[in-house]
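Note sheet for the following structure.
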Amino acid sequence: MIDILKKHKTIRQYTDKPISEELLNEILEAGVRASTTGNMQVYSVVVTQDEAMKEKLAPCHFNQPMVKQAPVTLTFCADFNRFNQWCRQRNAEPGYDNFLSFMTAAIDALLVAQNVCVAAETKGLGICYLGTTTYLADKIIDVLELPKGVVPVTTVTIGYPDENPEQVERLPLDAVVHYETYKDYTTERIDALYEAKEELAVNKAFVAENEKETLAQVFTDVRYKKADNEHFSSVLLQVLKNQGFM
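Just so you know, we're using the UniProt record's numbering here: the sequence shown kicks off at 1 and counts up by one.
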């Protein structure tokens, strides 16, 4: 299991081989064994396999091709709708119309998503997380007909790999692990921790093709711009309000 985790690669190209219902259910069963706050299981997973539904869902992820190519796309949702209904049907008034409850449900959903990904990889499948889910959550809500109390938090495509990409680099362990208390970073330590990443040929090419001076500028000026962050933050906050979490 540890070996599988250490060898993880993001797979964006898939063969046309379908995932059997039995295998998909086995993976989802492993997913729902994830830890959950208070054993409430305040999440839901929407499975997209129908070609017409993939066509509708793709624009919600900026038309990334893996959404339509993968045999299965899973949308993991923070979901207090089901739990709220159960409470009211048992003469218990829920108090989960707040941001903390959204965070609780979002964490639950992400734990399930990671379980599903690991289970899928143990079966020889490839996965790809789609960070676009929270950008266009309002559109996904419409396509998947999510009721009040339900917010999509991440999406994962799953299928049999049709590529074997190089493993993406990671920062060294001492860059992200702090013992006992958080140790803030000096200028010298930042330079040392990011040196290997910045010196990779693929990242140098990334800088050149975007006509930037540094790799950091590619992130701040091209990939994750302040204006975009602010816009999609406003969209997501409105989604939380509309879905009853604010």
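Where a beta carbon is used, it is the ideal one built from N, C-alpha and C, also for glycine. If you're wondering where the values come from, they're calculated on a predicted model, not measured in any experiment.
Exposed or buried, what is residue i when buried is set at 16 or more other beta-carbons lying within 10 Å of its beta-carbon?
i: M246; result: exposed
i: Q238; result: exposed
i: T73; result: buried
i: G38; result: exposed
i: I2; result: exposed
i: Q243; result: buried
i: R12; result: buried
i: A227; result: exposed
Should residue i and residue j be called a contact, given that it needs their Cβ atoms to be closer than 9 Å?
i: L146; j: V46; result: yes
i: K148; j: N81; result: yes
i: P165; j: K9; result: yes
i: T133; j: T157; result: no
i: G126; j: A120; result: yes
i: E198; j: K204; result: yes
i: A30; j: V116; result: yes
i: P94; j: F102; result: no
Starting from the Cα of residue i, find the closest Cα among the options and give me that residue.
i: C87; options: L24, T132, M40; result: M40
i: K17; options: G159, N25, A52; result: G159
i: E130; options: V143, P152, G124; result: Looking at the sequence shown, residue 130 is not Glu but Leu. Out of V143, P152, G124, P152 has the C-alpha closest to the C-alpha of L130.
i: D50; options: S234, K212, L236, I19; result: I19
i: C77; options: E188, V150, E26; result: V150
i: F99; options: I107, A92, T220; result: I107
Apart from the five residues just before and just after residue i, which ones in its own chain have a Cβ nearer than 7 Å to its Cβ?
i: T104; result: T37, V42
Using a Cβ-Cβ cutoff of less than 6 Å, which residues in the same chain neighbour residue i once the five nearest sequence positions on both sides are dropped?
i: F232; result: Y135
i: T15; result: Y160, D162
i: A175; result: L193
i: D97; result: G244
Please name the residue or residues paired with residue i in a DSSP beta bridge.
i: S44; result: C77
i: P152; result: C77
i: C128; result: T157
i: M122; result: Per the sequence presented here, residue 122 reads as Thr, with Met not at that position. Its beta-bridge partners do not exist; DSSP assigns none.
i: Y96; result: None, per the DSSP bridge assignment.
i: V72; result: I158
i: residue 250; result: The first residue shown for the chain is 1 and the last is 246, placing residue 250 beyond what the model contains.
Can you find the residues in the same chain that come closer than 8 Å, C-beta to C-beta, to residue i, ignoring five residues on each side of it along the sequence?
i: K54; result: T48, V67, K68, T73
i: Y185; result: L193
Does any heavy atom of the ligand ZN sit closer than 8 Å to the C-beta of residue i?
i: K241; result: The ligand ZN is not part of this structure, which contains no ligands at all.
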